[in-house]
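Residue numbers (numbering that gives the first Met the number 0): 0 to 262.
Each residue gets a CB set at the ideal place from its N, CA and C atoms; glycine is no exception.
Input: a single structure, listed below in structure tokens.
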Amino acid sequence: MPLPASLPSQSPILWEELTWEEITHLRDRGMNLVILPVGATEQHALHLPVGVDTFSATAVAHGVSAQTGIPVLPTLPYGCSLGHSKKWAGTISLRPETLATLVLEIAEWVCSAGFSRILLLNGHVTNWAPLRCGLENVRHQYPDLRIALRSVWEISPKIHEFYHRDAANFHANCAETSVMLALRPDLVQLEKVVDEPDRSVGCFFAYTVNKESVHGTVGSPSKADEAFGKQILEVAVSELSEQLKRAIAEGTPLEEMPPPTVS
0 MPLPASLPSQ SPILWEELTW EEITHLRDRG MNLVILPVGA TEQHALHLPV
50 GVDTFSATAV AHGVSAQTGI PVLPTLPYGC SLGHSKKWAG TISLRPETLA
100 TLVLEIAEWV CSAGFSRILL LNGHVTNWAP LRCGLENVRH QYPDLRIALR
150 SVWEISPKIH EFYHRDAANF HANCAETSVM LALRPDLVQL EKVVDEPDRS
200 VGCFFAYTVN KESVHGTVGS PSKADEAFGK QILEVAVSEL SEQLKRAIAE
250 GTPLEEMPPP TVS
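Okay, here's the thing in structure tokens:
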């Protein structure tokens with residue numbers, strides 16, 4: 000995926016473009032971490048394509064790779080989107096247990112290739128719980144493989160504020176529309192934008208999107224603009240890159256803070 004001009008110009012390292020020999024050399028030169036972007040294929044209101052969450056997770060992962068040299072695995076374009084119901088055509092969802100199993104099975108091959116750290120970079124809200132279950136299974140099955148889970152909108156407090164400023168339970172909102180204007184403006188139909196409030200605020204129970212929204216929107220996409228989308232991507236890439244530069248060499252908590260020796 001081409002990155003906005005304001006993001007790093009060097010090329011990301013994409014797993015699917017490498018030979019097995021090149022992957023081996025990458026590992027033998029000391030690279031121990033890979034990124035697995037996880038998106039979704041689901042309705043995004045009247046004005047956005049169904050691949051929004053895949054586009055955004057992929058763009059951030061590729062931008063980070065261009066800054067850090069960390070290889071990126073092929074993006075998973077399907078996630079757990081059951082909450083979008085079958086009211087609107089286009090959504091294709093995995094069951095939570097399927098997504099958790101995919102994480103475990105991919106981790107098996109990452110581990111066998113000699114990589115010891117993996118970041119699950121999530122682009123869709125309700126992927127989080129199955130991805131967390133996958134993380135737990137990986138830690139149990141492969142105790143020497145370090146695994147982390149980050150959602151794009153939770154990379155930092157600043158990114159969290161960008162995504163949530165018009166809706167706590169956001170979907171196809173100002174932030175997501177702005178990111179798509181920065182990445183793929185040809186796929187954004189601004190003339191079809193319909194703002195809808197976050198009707199789930201104060202609710203005790205969890206509801207599917209078709210019981211919260213008329214058109215599949217939660218938030219104010221009418222306020223979106225390309226410059227804001229570029230700012231979101233730039234901050235996400237910069238801040239996650241700095242976090243991962245430290246994570247490559249991170250020790251366990253006991254290694255970082257050993258207990259005092261007893262004389």
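Neighbour-count burial assignment, TRP152, 16 or more Cβ in a 10 Å radius: By one-based count along the sequence shown, residue 152 stands at place 153. Buried is the call here.
HIS170 - DSSP class collapsed to helix/strand/coil: Start at 1 with the first residue of the sequence shown, and residue 170 comes out as number 171. In the structure shown, HIS170 sits in a strand (DSSP, three-state: E or B).
Outcome for GLY133 when other beta-carbon atoms lying within 10 angstroms are tallied against a minimum of 16: Taking the first residue of the sequence shown as 1, we reach residue 133 at position 134. Buried, since its Cβ has 16 or more Cβ neighbours within 10 Å.
Inter-residue spacing [alpha-carbon to alpha-carbon] between THR216 and ASP52: Reading the sequence shown from its first residue, position 217 is the one you call residue 216. Reading the sequence shown from its first residue, position 53 is the one you call residue 52. Roughly 14 Å between the two C-alpha positions.
Exposure of ALA4, with buried meaning 16 or more beta-carbon neighbours within 10 Å: Mapped onto the sequence shown, residue 4 falls at position 5. At ALA4 the pLDDT is 48, less than 50, meaning the model places this residue with poor confidence and gives no usable figure here.
Of the residues SER237, GLY122, THR251 and HIS46, the one placed nearest GLY78, counting alpha carbons only: Here residue 78 refers to the residue found at position 79 of the sequence shown. Looking at the Cα atoms, GLY122 is the closest of the given residues.
Sub-8 Å separation of SER92 and GLU21 beta-carbons: By 1-based counting over the sequence shown, the position of residue 92 is 93. By 1-based counting over the sequence shown, the position of residue 21 is 22. No, the pair does not count as a contact, with Cβ atoms beyond the cut-off.
Any 3 or more C-beta pairs closer than 8 Å across the region 163 to 174 and the region 197 to 207: yes
Cut-off 6 Å between Cβ atoms - residues of its own chain near SER64, not counting five sequence neighbours on either side: Here residue 64 refers to the residue found at position 65 of the sequence shown. So the qualifying residues of the chain are PRO11, ILE12 and VAL71.
Nearest to VAL227 (by Cα), restricted to the options PRO259, GLY250 and GLU175: Here residue 227 refers to the residue found at position 228 of the sequence shown. Going by the sequence as given, residue 227 is Phe instead of Val. The shortest C-alpha separation from PHE227 is found at GLU175.
Rounded Cβ spacing between VAL49 and GLY89 (contact assumed at less than 8 Å): Taking the sequence shown and counting its residues from 1, one reaches residue 49 at position 50. Taking the sequence shown and counting its residues from 1, one reaches residue 89 at position 90. That belief holds up - the Cβ atoms of VAL49 and GLY89 are roughly 4 Å apart, short of 8 Å.
Under 8 Å between C-beta atoms of VAL37 and LEU130: Start at 1 with the first residue of the sequence shown, and residue 37 comes out as number 38. Start at 1 with the first residue of the sequence shown, and residue 130 comes out as number 131. Yes, the Cβ-Cβ distance between VAL37 and LEU130 is below 8 Å.
Close Cβ partners of LEU17 (< 8 Å) along its chain, the five nearest in sequence each way excluded: For the purposes of this step, residue 17 is taken as residue 18 along the sequence shown, with counting starting at 1. Counting only Cβ-Cβ distances below 8 Å, and skipping sequence neighbours, we find LEU25 and PRO70.
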